[in-house]
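Residue numbers (this note's numbering): 810 to 1018.
Structure representation (structure tokens):
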């Protein structure tokens, strides 16, 4: 068997992936619940003593463990952070994922909480709050542009590339979303996820038009 046939056999019907997304991913849940006569989304505010993103508004979730898919991660992390059993979390559907600004894949799952009593783990969560899902359909996020630039390390071999230290590294614009809810600021990937969900809901209500 020649090398091309070996390669053909090796790849076969393999589904292509984005190589950059092979790093450890994360999964988050958009948790819906019924409150005050309407469907609302539950958000967490991260505990102030955490090293990563203290005090920020987020959705329940975390890093994937080996063998997990995004939905399994989302449910596990939700149960740990809200101190509830898996039986109280209903998975509705996986949604489209995102590649975060740092290149990490983020898998989003839409779910529903049953009989939730406002519990949470103070080790991870400062407090929780809800926003009506309809509010996101009625309010557009503010948008601001940042620029992501390549910054080579100190030992980068400039002598091996054209123009050396004067090489024209590309910058990439990255749009950052903000939603302002009284007393809370939703921004970054959390706001981007909610904007995408609201766009999907608008599409559904308009019959796909």
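Heads up, the beta-carbon is just placed ideally off N, CA and C, and yes, glycines get one too.
Since the model is a prediction, treat every value here as computed from it, not as a measurement.
Inter-residue Cα distance where the pair is residue i and residue j
i            : j            : result
residue 955  : residue 908  : 16 Å
residue 953  : residue 819  : 45 Å
residue 961  : residue 976  : 11 Å
residue 839  : residue 1006 : 9 Å
residue 959  : residue 969  : 17 Å
residue 841  : residue 985  : 24 Å
residue 944  : residue 848  : 10 Å
residue 993  : residue 866  : 7 Å
residue 1002 : residue 813  : 42 Å
residue 894  : residue 876  : 21 Å
residue 910  : residue 889  : 26 Å
Buried or exposed by the 16-neighbour rule on C-beta atoms within 10 Å, applied to residue i
i           : result
residue 999 : buried
residue 846 : exposed
residue 861 : exposed
Cross-strand partners of residue i (DSSP beta bridge)
i           : result
residue 818 : Partner(s): none; residue 818 has no beta bridge.
residue 916 : 836
residue 841 : 850, 921
residue 864 : Note: residue 864 sits in no beta bridge, so no partner.
residue 872 : 835
Selected residue, minimal CA-CA separation from residue i, among the options
i           : options             : result
residue 996 : 918, 848, 864       : 864
residue 906 : 965, 900, 834       : 834
residue 837 : 857, 868, 922       : 868
residue 880 : 858, 855, 904       : 904
residue 913 : 919, 1008, 938, 873 : 873
Next on the checklist: As an exercise, report each continuous alpha helix (DSSP H) stretch of at least 4 residues that is fully enclosed by the stretch 973–1017, in chain order.
Outcome noted: 997–1014
Checklist entry - What runs of the beta strand (DSSP E), each 3 residues or longer, lie entirely inside the stretch 877–913? => result 898–903
Checklist entry - For the stretch 918–977, which segments carrying the alpha helix (DSSP H) assignment without a break, of at least 4 residues, lie completely within its bounds, in sequence order? => result 942–947
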